[in-house]
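Here our numbering is used: the first residue of the sequence shown is 112, the next is one more, and so on. A virtual CB, placed ideally from N, CA and C, is assigned to each residue, including glycine.
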Amino acid sequence: RLVEEEGLGVAAAINWRGLGGLSLTAASGWPRPYCALCQNDVAQVISHVRRELPTSSLYAVGWSMGGNLLVRHLAESGDECLLRGALAVSPALDLA
Numbered sequence: 112r113l114v115e116e117e118g119l120g121v122a123a124a125i126n127w128r129g130l131g132g133l134s135l136t137a138a139s140g141w142p143r144p145y146c147a148l149c150q151n152d153v154a155q156v157i158s159h160v161r162r163e164l165p166t167s168s169l170y171a172v173g174w175s176m177g178g179n180l181l182v183r184h185l186a187e188s189g190d191e192c193l194l195r196g197a198l199a200v201s202p203a204l205d206l207a
């Protein structure tokens, strides 16, 4: 709420399915557990926010595994990335 109150825009968060008591569902309707390698979740959220706020600048912050998913999204989307800026805090970069 503080972001909106200060006139800085709107904040959104991803709640990973299957964690924190959330059900195992996906946009497809099929059960699909959280996966640390599934950056497509990030792309879907960013695309959804872009559709809802077509003229807004989009920024993202990811911590730890969220940072890993964000870095993967940036690498895989390249010049097509819809984000104006991103910050990854302590991302797990080597999952091997």
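Considering only C-alpha positions, which residue in the set L204, I125, A199 is nearest to V172?
On the sequence shown, position 61 is the one that residue 172 refers to. That would be A199, whose Cα lies nearest to the Cα of V172.
Neighbour-count burial assignment, R183, 16 or more Cβ in a 10 Å radius
On the sequence shown, residue 183 is found 72 positions in, with the first residue counted as 1. Buried is the call here.
Where the beta strand (DSSP E) containing V121 begins and where it ends
Looking up residue 121 in the sequence shown gives position 10. Unbroken run through V121: none, as it is neither H nor E.
Would you please verify whether the beta carbon of V182 is less than 8 angstroms from any beta carbon of chain B?
Any reference to chain B falls outside this structure, which holds one protein chain only.
DSSP three-state call for A186: helix, strand or coil?
Locating residue 186 in the sequence shown gives position 75, where the first residue counts as 1. Shown here, A186 sits in a helix according to DSSP, grouped into three states.
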